[in-house]
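Participant: The structure is given below, and queries will be raised subsequently.
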Amino acid sequence: MLRNCINPDCCMPLHSFCEGRLYQFEIVSISIAANDSAVAPFDERPERRVVHYWLCGRCAGSLGVQLDPRRGLYFVPLEAQMPVEETAGRRAEEAIERRDHC
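All you need for the working numbering is the position in the sequence shown, starting with 1, plus 86.
Rendered as structure tokens:
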């Protein structure tokens, strides 16, 4: 059950899904037998499970969550997830906002 923001530096308690961002990942795991004998057929089915993670509104504004089979769960700055055009547009909007506030 989700209780807190997944960011270990934050740990904001989850009160509602109205704020923040919910991530859902499907994990598929296959165990490999220690016996490499070609005689034994592979009859094991992969184990599938769905996991959920939540980032609070403050963390979701600057971080994203990704799951890699080798690295596991890790955080990525939002600008690293956006296409180049969106990142450039966002920077331009921020520059305009700063200029307007000065």
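Glycine is no exception: its CB is placed at the ideal position from the N, C-alpha and C atoms. Just so we're clear, the structure is a prediction, and the values are computed from it rather than from any experiment.
#1: Runs of 4 residues minimum, wholly inside the segment 123 to 157: which ones carry the alpha helix (DSSP H) assignment?
#2: Got a sec? Which residues, its chain only, sit under 7 Å from S115 by beta carbon, not counting five neighbours each side?
#3: Please report the distance separating the alpha-carbon of N93 from that of E130.
#4: Please identify the residue among V136, G143, P155 whose C-alpha is closest to the C-alpha of C96.
#5: Under three-state DSSP, which class holds L108?
Facilitator: According to the structure data:
#1: 143 to 146
#2: P132, E133
#3: 35 Å
#4: G143
#5: strand
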